[in-house]
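Q: Quick one: structure below, then a few questions.
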Amino acid sequence: MSNPEYTNAVKEFLYKMADDQLIIGHRNSEWTGIGPILEEDIAFGSIAQDKVGHAYNIYQLLHEMGEADPDTIAFQRDEKDFKCCHLVELPIGEYDFSLVRHFLFDHAELLRFEMLSNSSFEPLANLAKKFKGEIKYHVFHANTWIKQLMNGTEESKARIQSSFNSVFPIAFSIFEKSPLEDVLISEGVFEGEEILTNKWLETIRTIVNSCGVKLPDVPDKSIGYGGRKGYHTEYLNPLLLEMTEVLRSEPGAEW
Amino acid sequence: MKIISLDPRIARLSDLPEESETVIVEHEEGWITFEVFHQKKKGTRHTHVGIVHAPNAEMAIVFAKESFARRGPTTNLWVVKSEDVVATDYDDSDIFDTTPDKQYREAGFYKTRNKIDLLKDSEAHE
Amino acid sequence: MYGGGYIGEPEKNQPQVQDDPEKLAEFEAKIDRGEKIEPQDWMPADYRKQLIRMIEQHAHSEIIGALPEGTFITRAPGFKRKMALMAKVQDEIGHGQMLYSAAETLGKTREQMFSDLLSGKSKYSNVFNYPAETWADVTIVGFLIDAAAIVNQVINSKGSYGPYCRALERICYEEAFHLKQGHDAFVSLAAGTPMQRKMAQDGLNRWWEPIMHFFGPSDKISVHSERLMRWKVKLASNDDMRQQFLNTYVPKVWEIGMTLPDPNLRKNPETKQWEFTEPNWDTFFKVINGGGPCNKERLAVRKWAEEKGRWVRQALTNPKEKYTVPFA
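Residue numbers (the numbering used here), protein chains in the order written: chain H, 623 to 877; chain U, 13 to 138; chain F, 10 to 337.
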């Protein structure tokens with residue numbers, strides 16, 4: 623295995639993970655101060671911070687591998703150089719949308735990091751172990767909400783079901799393979815998106831079945847694809863422009 | 013009247029209410045309260061740190077984690093419904109008044125050393 | 010954080026409640042001895058009423074206060090600033106939550122407090138009726154307004170009501186980080202490029218009047234405020250708190266070469282008192298009564314949050330559960 627190919631495969635993988643975390647953390651932070659109840663506002667805000675923190679840690683690892691520093695990576699790349707999936711780019715919608723997205727995404731993260739704690743790429747295995755506790759809480763939070771809302775009023779059940787109908791098909795965008803995935807698999811860095819998808823489906827189905835959600839059929843799981851290759855929804859560019867607005871106002875300055 | 017906010021998050025929100033619109037938060041929507049107890053590290057006692065509004069104990073734990081364990085070390089949390097806490101009345105705090113007077117319950121009350129010294133002195137003089 | 014200038018009710022509106030004179034004497038003796046009053050203690054009707062009003066205003070100020078800085082949550086420049094701002098604004102909501110809890114122990118429900126905020130009946134600190142126009146504004150709010158709030162909070166944490174003191178202790182602890190991150194971000198601008206320095210100076214020029222309004226007008230010596238002082242509900246005059254703030258923080262602004270838009274601002278070397286141009290109190294009252302640039306927006310956003318969140322709260326309400334007033 624030629625070293626540059628291995629390095630590129632790992633970097634590509636790290637970029638997509640970090641970009642996902644950054645964008646979903648950024649999206650979730652939009653609820654700070656306007657959540658449905660104070661205690662939940664506080665909790666969701668923490669989860670958003672954790673995600674941005676995870677992104678920072680992964681960008682930091684990329685920096686140690688020769689990429690630019692985290693602020694430069696996150697705040698100065700063009701839209702086409704981002705590798706986040708379509709799911710995380712979508713606007714926050716109403717609270718049911720954000721909760722269902724949080725549920726679907728965070729379960730995938732938990733399983734992904736569980737798999738990565740055995741990665742042959744040690745720095746990544748270490749990060750996975752470090753994030754474990756936080757992600758465990760994120761999933762506990764999501765599970766609790768989904769179960770309780772599905773046991774709530776007719777309105778809450780209808781909203782959650784409706785959000786699953788719209789979000790579940792796009793959630794498969796998480797599992798779009800990076801171009802060099804085969805290298806990751808053969809080198810033992812990561813077992814692959816296919817295995818992850820199956821674990822995720824099994825976990826999700828068990829939970830949603832037990833609380834009465836009916837998952838929609840998804841004949842084409844690739845409808846949300848493109849993000850891993852730099853093709854994004856119409857929502858990412860405005861998000862990036864907003865996120866980088868102050869930084870871009872004075873390039874090179876210290877803030 | 014359309015509100016133009018400088019906050020892009022707010023500007024994106026559709027249907028901000030009009031000034032004249034009355035919004036009331038009903039009491040029932042607010043849920044009951046749970047008292048939260050927090051343990052810093054194993055071996056130390058749980059201490060009362062405040063309350064969370066929650067519909068049930070499971071949610072109360074979810075909320076308590078971020079409301080009260082956002083800073084500093086934590087190893088464990090308890091939540092108890094406020095209505096389940098039984099407390100003494102401050103009007104009855106006189107039942108505790110004489111506790112400090114009961115010196116015979118304190119180690120420092122026993123001046124045994126004095127007795128031993130006196131005994132030794134009298135033995136020496138014999 | 011909180012703005013002082015606690016908005017008391019006009020004296021003529023206050024009914025004369027006759028408290029049991031023996032209990033009142035006992036109560037006042039307790040306070041003189043430095044003892045704390047807990048929720049289940051006997052307390053004069055007016056003590057309960059004024060405390061609810063004061064703590065409630067403080068709580069509202071926290072959650073409304075989250076909105077000006079929240080303006081830049083999605084635009085903070087770089088990871089350090091982004092995460093610090095996310096944490097800080099989240100803390101404000103957390104402080105609101107703790108303060109509502111303290112007020113709840115006195116018998117007013119949280120939902121009633123929210124409804125009174127939304128109807129305009131209950132007030133919040135005036136300073137949050139102004140917009141955060143630039144990133145520099147965010148740093149100024151985090152630096153100077155949190156500083157003013159800390160002055161207020163440290164003083165009030167020595168008050169007589171147990172639950173409020175306990176909430177304030179925790180708030181003061183978290184507030185220390187707010188001040189530090191605000192100051193740090195502001196100094197970065199002052200030490201930065203000409204554009205950044207200008208942004209910082211412009212921000213100071215715009216925010217100075219609201220900051221000078223923060224502690225409220227000079228206190229009138231009245232029977233009412235004298236009694237609140239005796240009950241340790243009010244612990245220092247507005248003037249004293251303002252002096253303390255100016256004394257600590259004006260030098261910090263000047264030491265980095267920034268100016269403040271008041272040519273009369275100086276510390277008198279003989280009296281050791283800070284002299285300044287008296288702020289325009291008509292403006293203060295106009296803003297507190299709805300005439301500020303952001304009053305409508307602040308309440309509209311809170312109304313939106315309550316309305317949009319209603320289905321969530323209702324979904325999990327269990328009619329069989331009985332609410333009790335929290336303990337402490």
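Every residue gets a Cβ at the ideal spot worked out from N, C-alpha and C, and that includes glycine. Bear in mind that the values here come from a model prediction, so they are computed numbers and not experimental data.
Might you give, ordered along the chain, the residues of its own chain that have their beta carbon closer than 7 Å to the beta carbon of A96 (chain F), omitting 5 neighbours on each side?
A: Once the five neighbours on either side are set aside, A96 (chain F) has no close Cβ partner at all.
Q: Would you list, in sequence order, the uninterrupted beta strand (DSSP E) runs of no fewer than 3 residues that lie entirely inside the stretch 64-99 of chain U?
A: Runs of the beta strand (DSSP E) inside the stretch 64-99 of chain U: 88-93.
Q: Let me check understanding here. Comparing Cα to Cα, which of F:W144, F:A185, F:E142 lies closest to H162 (chain F)?
A: Per the sequence shown, residue 162 (chain F) should be read as Gln rather than His. Nearest of F:W144, F:A185, F:E142 to Q162 (chain F), Cα basis: F:A185.
Q: With H, G and I counted as helix, E and B as strand and the rest as coil, what does DSSP make of G266 (chain F)?
A: Of the three classes helix, strand and coil, the one that applies to G266 (chain F) here is coil, per DSSP.
Q: Which stretch, first to last residue, makes up the alpha helix (DSSP H) that contains V323 (chain F)?
A: In the sequence on display, residue 323 (chain F) carries Gln and not Val. Segment 304-325, the alpha helix (DSSP H) holding Q323 (chain F).
Q: Quick one: residues in its chain with C-beta nearer than 7 Å to the C-beta of L644 (chain H), no 5 flanking neighbours on either side, listed in chain order?
A: Counting only Cβ-Cβ distances below 7 Å, and skipping sequence neighbours, we find V674, A677, A696.
Q: By DSSP, does G74 (chain F) sit in helix, in strand, or in coil?
A: Three-state result, G74 (chain F): helix.
Q: Does the beta carbon of W43 (chain U) come closer than 9 Å to any beta carbon on chain F?
A: For W43 (chain U), the answer is yes, since a Cβ of chain F falls inside 9 Å of its Cβ.
Q: Jot down the residue ranges of each uninterrupted alpha helix (DSSP H) in the stretch 255-299 of chain F, minimum 4 residues, whole runs only, in chain order.
A: Correct list: 290-295.
Q: Counting only runs of 3+ residues fully inside the stretch 641-688 of chain H, write out the beta strand (DSSP E) ranges in chain order.
A: Within the stretch 641-688 of chain H, no complete beta strand (DSSP E) run reaches 3 residues.
Q: Could you name the residues of the same chain whose beta carbon sits closer than 7 Å to that of N831 (chain H), not counting the 5 residues immediately before and after it, in chain order?
A: Around N831 (chain H): no qualifying Cβ.
Q: Taking DSSP as the reference, what is the three-state secondary structure of H233 (chain F)?
A: The answer is helix: DSSP assigns H233 (chain F) an H, G or I state.
Q: Does the CB of V674 (chain H) have a neighbour CB from chain F at under 9 Å?
A: True, the Cβ-Cβ gap to chain F drops below 9 Å.
Q: The beta strand (DSSP E) with T45 (chain U) in it runs from where to where?
A: That run of the beta strand (DSSP E) goes 44-51.
Q: Which residue's Cα is closest to the Cα of L858 (chain H): H:K705, H:A640, H:W877?
A: The shortest C-alpha separation from L858 (chain H) is found at H:K705.
Q: DSSP on V61 (chain U), reduced to helix/strand/coil?
A: Residue state, collapsed to three classes: strand.
Q: Taking the CB atoms as reference points, tell me whether T292 (chain F) and D271 (chain F) lie closer together than 9 Å.
A: No, Cβ-Cβ distance for T292 (chain F) and D271 (chain F) is not below 9 Å.
Q: Can you list, in chain order, the residues of its chain with a C-beta nearer than 8 Å to that of T792 (chain H)? Leave out the 5 residues immediately preceding and following it.
A: It is Ile, not Thr, that sits at residue 792 (chain H) in the sequence shown. Result list for I792 (chain H): H708, L709, L712, I845, G846, in chain order.
Q: Any heavy atom of the ligand MN closer than 8 Å to the CB of H67 (chain F)?
A: In terms of ligand content, the structure shown is empty, and the ligand MN therefore cannot be addressed.
Q: Tell me, to the nearest whole angstrom, how far the beta carbon of Q190 (chain F) is from that of G151 (chain F); I am working on the premise that it is less than 8 Å.
A: About 6 Å; that satisfies the 8 Å criterion.
Q: Given a threshold of 16 other Cβ atoms within 10 Å of its Cβ, counted over all protein chains shown, does S227 (chain F) qualify as buried or as exposed?
A: The residue is exposed, with fewer than 16 neighbouring Cβ atoms inside 10 Å.
Q: List the residues of chain H whose Cβ lies closer than 8 Å to the Cβ of M95 (chain F), in chain order.
A: Those are S651, T654, G667, A670, Q671, V674, listed as they occur along chain H.
Q: For my contact list, V35 (chain U) and E120 (chain F) are in at a C-beta cut-off of 8 Å; report their separation, rounded to the angstrom.
A: No, V35 (chain U) and E120 (chain F) are not in contact; Cβ-Cβ is about 11 Å, not under 8 Å.
Q: Report the neighbours of A342 (chain F) on chain U: residues whose CB is nearer than 9 Å to its CB, in chain order.
A: Lying outside 10 to 337, the shown extent of chain F, residue 342 (chain F) is not represented and no answer is given.
Q: Thinking C-alpha only, which one of F:A324, F:K91, F:F223 is nearest T866 (chain H)?
A: Taking only the C-alpha atoms, the option nearest T866 (chain H) is F:K91.
Q: Helix, strand or coil for Y182 (chain F)? Go by DSSP, reduced to three states.
A: Note: Y182 (chain F) maps to helix in three-state DSSP.
Q: At a Cβ threshold of 9 Å, is G103 (chain F) touching chain U?
A: It does: the Cβ of G103 (chain F) has a partner Cβ on chain U nearer than 9 Å.
Q: Counting only beta-carbon atoms, is Y759 (chain H) nearer than 9 Å to chain U?
A: It does: the Cβ of Y759 (chain H) has a partner Cβ on chain U nearer than 9 Å.
Q: Straight-line CA distance for K21 (chain F) to D155 (chain F)?
A: Confidence at K21 (chain F) is low in this model, with a pLDDT of 49, below 50, so its placement is unreliable and the value that follows should be read with caution. Approximately 33 Å, taken between the alpha carbons.
Q: Measuring CB to CB, does H685 (chain H) end up less than 9 Å from H724 (chain H)?
A: For H685 (chain H) and H724 (chain H), no; Cβs fall outside 9 Å.
Q: So the alpha helix (DSSP H) D101 (chain U) belongs to, where does it begin and stop?
A: Taken as a continuous stretch (DSSP letters only), D101 (chain U) belongs to no alpha helix (DSSP H), as it is neither H nor E.
Q: Who are I46 (chain F)'s beta bridge partners in DSSP?
A: Paired residues: F:Y170.
Q: Tell me whether the beta-carbon of H222 (chain F) lies closer than 9 Å to the beta-carbon of W290 (chain F).
A: Yes.
Q: Are the C-beta atoms of E701 (chain H) and some chain F residue less than 9 Å apart?
A: By this cut-off, E701 (chain H) is not an interface position.
Q: Given L237 (chain F), which residues of its chain have a CB within under 7 Å of its CB, disregarding the five upstream and five downstream residues?
A: Hits under 7 Å: Q59, K243.
Q: Going by C-alpha to C-alpha distance, which of U:L28, U:A136, U:E30, U:I44 sits closest to K331 (chain F)?
A: Nearest of U:L28, U:A136, U:E30, U:I44 to K331 (chain F), Cα basis: U:I44.
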